[in-house]
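Before any comments, here is the structure.
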Ligand SMILES: [Zn+2]
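Residue numbers (my numbering): 23 to 386.
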């Protein structure tokens with residue numbers, strides 16, 4: 023009769039059972055606590071890493087994490103550095119995907135062509151005084167130097183000012199079916215939120231010409247304009263007629279506004295400037311160029327700032343007269359324009375015209 027196996031002859035099971043009795047291999051209370059702590063630290067880290075990698079892969083595949091809370095997207099953007107706060111590609115029309123501002127180098131001064139100026143052909147009677155007797159109606163525009171795609175992000179360091187050729191821009195000449203709706207902001211900020219909502223629901227990005235005073239009064243709105251992917255541009259500090267200012271005051275108006283736009287949004291208002299009241303002449307163009315800006319006029323005036331009683335329907339009809347390359351003048355302070363905007367955007371879409379920023383309109 024075989025002897026019953028003793029504990030000693032059953033190493034497989036017995037050793038396990040016996041182990042706790044032996045003091046040496048048993049993990050001490052201290053080492054068990056250490057192990058627990060290690061796990062408590064490592065598991066959440068691994069989990070977070072997995073989630074992060076998942077989001078990264080997701081965003082690489084899809085442009086951005088669909089359905090991911092906005093704060094995650096923003097945090098990712100911030101983490102990556104240069105990327106703009108709200109260039110949410112998912113919210114942008116597909117053709118705008120490349121419009122995310124890069125850390126841009128502004129165009130170097132080129133052997134300046136004479137100011138390329140053309141008349142504001144589609145304009146009816148001047149809404150505001152625009153004496154420009156010395157700005158000749160020139161040949162169709164010379165090719166522009168390379169331009170950034172959108173408001174460049176800026177570094178904290180005070181930038182070197184690169185003079186630009188004295189040049190007026192009043193339409194795009196690429197022939198692409200694009201229209202730049204531009205909004206001047208110098209007065210009532212109230213209709214702006216409604217304008218931004220209309221633009222967002224049509225996934226349209228536009229260019230906003232801001233006065234420094236407007237930015238000072240409405241910093242949150244200014245940040246929202248930037249955050250929603252629109253282009254920021256310069257409309258002077260307090261809206262004086264520029265032909266009456268000496269060169270140094272012109273420069274001061276532009277640089278002071280540039281400074282507050284940078285301070286408020288971390289973006290630059292360069293390189294576009296729209297003269298208050300459309301008031302400019304060749305000297306103004308030169309002084310503006312010397313301060314590092316192009317002077318932007320328009321090819322179509324919505325007349326939303328001049329005809330007091332203008333209705334949204336009238337504004338819509340005027341703006342829908344725009345053809346490819348048009349630069350359309352509108353105003354942030356116009357309730358009628360804010361109301362007209364959804365119909366304008368729908369009308370442009372129906373005609374195959376894409377609303378774009380100035381930079382986009384003017385790119386080659
Ligand atoms: Zn204005």
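No residue lacks a Cβ here, since even glycine has one placed at the ideal position from N, Cα and C. The model shown is predicted, which means the values in this text are computed figures rather than measured ones.
For residue 294, the pairing in a beta bridge is given by DSSP as 316.
Taking a C-beta distance under 8 Å as the contact criterion, residue 301 and residue 241 do not qualify as a contact pair. For the pair residue 283 and residue 203, the Cα-to-Cα distance works out to about 20 Å. Under the 10 Å beta carbon count, residue 187 is surrounded by 16 or more other beta carbons and is classified as buried. Going by beta carbons, residue 377 and residue 199 fall outside the 8 Å limit. Following the DSSP letters along the chain, one finds residue 332 in no beta strand (DSSP E), marked with neither H nor E. Residue pairing for residue 229: DSSP places it in a beta bridge opposite 204 and 253. Here the alpha carbons of residue 201 and residue 342 stand approximately 10 Å from one another. Bounds of the beta strand (DSSP E) holding residue 349 are 349-353. A check of alpha carbon separations from residue 349 across 335, 196, 64 and 368 identifies 196 as the nearest. Taking C-beta atoms as the reference points, residue 208 and residue 257 count as a pair closer than 8 Å. Of the residues 286, 330, 266 and 293, the one whose Cα lies closest to the Cα of residue 276 is 293. Counting C-beta pairs closer than 8 Å gives three or more between the region 333-340 and the region 358-367, which meets the contact rule. Residue 241 carries a helical assignment under DSSP once its states are collapsed to helix, strand and coil.
Judged by DSSP secondary structure, residue 270 falls within the alpha helix (DSSP H) whose first and last residues are 269-287. One Cα belongs to residue 234, the other to residue 281, and the distance between them is close to 9 Å. Under DSSP, residue 191 forms a beta bridge with 318. For residue 363, the enclosing alpha helix (DSSP H) stretches over residues 357-372. Measuring C-alpha to C-alpha distances from residue 279 to each of 315, 250, 268 and 189 identifies 315 as the nearest. If you compare the alpha carbons of 296, 380 and 236 with that of residue 226, the shortest gap goes to 380. DSSP lists 200 as the bridge partner or partners of residue 376. In terms of Cβ geometry, residue 286 and residue 317 do not form a close pair [threshold 8 Å]. Annotation: the continuous alpha helix (DSSP H) that includes residue 221 extends over 214-223. Under the three-state reduction of DSSP output, residue 301 falls in the coil class, being neither helix nor strand.
The alpha carbon of residue 325 has as its nearest neighbour, out of 210, 253 and 340, the alpha carbon of 340. For residue 208, the CB falls within less than 7 Å of some heavy atom of ligand 1.
A direct Cα-Cα distance of roughly 26 Å separates residue 290 from residue 323.
Between ligand 1 and the CB of residue 298, the shortest heavy atom gap is smaller than 7 Å. Each residue's CA atom was taken as its position, placing residue 222 and residue 252 some 10 Å apart. Inclusion of residue 351 and residue 260 in the CB contact set at 8 Å is not warranted, their separation being larger than that value.
Burial state of residue 250 is buried, judged by a 10 Å Cβ sphere holding 16 or more other Cβ atoms. Counting the other Cβ atoms within 10 Å of the Cβ of residue 255 gives 16 or more, which makes it buried.
Assignment of residue 323 by DSSP, reduced to helix, strand and coil, places it in the strand class.
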